[in-house]
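Trainee: Residue numbers (our numbering): 140 to 246. For glycine and all other residues, C-beta sits at the position ideal for the given N, C-alpha and C. Just so it is clear, the structure is predicted and the values come from calculations on it, not from any experiment. Structure in structure tokens, see below.
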Amino acid sequence: MTSDRRDALDVVVCTPGVNVRKRIVDYTDDEFDRVVGLNLKGSFHVLRAAGRIMTARGRGSIILFSSIRAQVVEPGQSVYASTKAGIVQLVRAAAAEFGPAGVRVSA
Numbered sequence: 140m141t142s143d144r145r146d147a148l149d150v151v152v153c154t155p156g157v158n159v160r161k162r163i164v165d166y167t168d169d170e171f172d173r174v175v176g177l178n179l180k181g182s183f184h185v186l187r188a189a190g191r192i193m194t195a196r197g198r199g200s201i202i203l204f205s206s207i208r209a210q211v212v213e214p215g216q217s218v219y220a221s222t223k224a225g226i227v228q229l230v231r232a233a234a235a236e237f238g239p240a241g242v243r244v245s246a
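Below you can see the structure in the form of structure tokens.
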């Protein structure tokens, strides 16, 4: 690998997803932290790391996985749905920030 390719990153696909199917009143703090930690915070960490490299290079594409649950929910899906809706908004903000540098961000 040549030194000019060492920081090369063209495409990132981020697909985390964990769910605890429970009613809101039955959720524990640990379960909440686990779902939010992986789905939303994990996606944020990947997005931030890839964004730093790609915006510096002036190109790239980042794809984060959301879910239909970002729009349509059912009982027992509250925290999962919240994280997937959060990913949609995170992607929108990242697209606005990274787009001028030539980096596409989508969900």
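1. Please list, in chain order, all residues of the same chain as residue 208 whose beta carbon is under 7 Å from its beta carbon, the five residues on each side excluded.
2. Can you check whether the CB of residue 237 is closer than 8 Å to the CB of residue 167?
3. Nearest to residue 199 by CA position, among 153, 155, 241, is which residue?
4. Would you identify the three-state DSSP class for residue 157, choosing helix, strand or coil?
5. Looking only at its chain, what residues have a beta carbon closer than 8 Å to the beta carbon of residue 228, apart from the 5 residues adjacent to it on each side?
6. Quick one: what's got a C-beta closer than 6 Å to residue 170's C-beta in the same chain, skipping five residues either side?
7. With distances taken from CA atoms, which of 204, 163, 161, 155 is nearest residue 231?
8. State the start and end residues of the unbroken alpha helix (DSSP H) segment that holds residue 229.
9. Just list the beta strand (DSSP E) runs in the segment 168–223, keeping only unbroken ones of 3 residues or longer that don't cross its boundaries, in chain order.
Mentor: In brief:
1. These residues qualify, in order along the chain: 216, 219, 220, 223.
2. The answer is no: Cβ separation not under 8 Å.
3. It is 241 whose Cα lies nearest to the Cα of residue 199.
4. In this structure, residue 157 counts as coil in the three-state DSSP scheme.
5. Answer for residue 228: no residue qualifies.
6. Apart from the 5 residues on each side of it in sequence, residue 170 sits with its Cβ closer than 6 Å to the Cβ of 159 in its chain, given in chain order.
7. Out of 204, 163, 161, 155, 204 has the C-alpha closest to the C-alpha of residue 231.
8. Note, residue 229: alpha helix (DSSP H), 217–237.
9. With a minimum length of 3 residues, the unbroken runs of beta strand (DSSP E) contained wholly in the segment 168–223 fall at 199–203.
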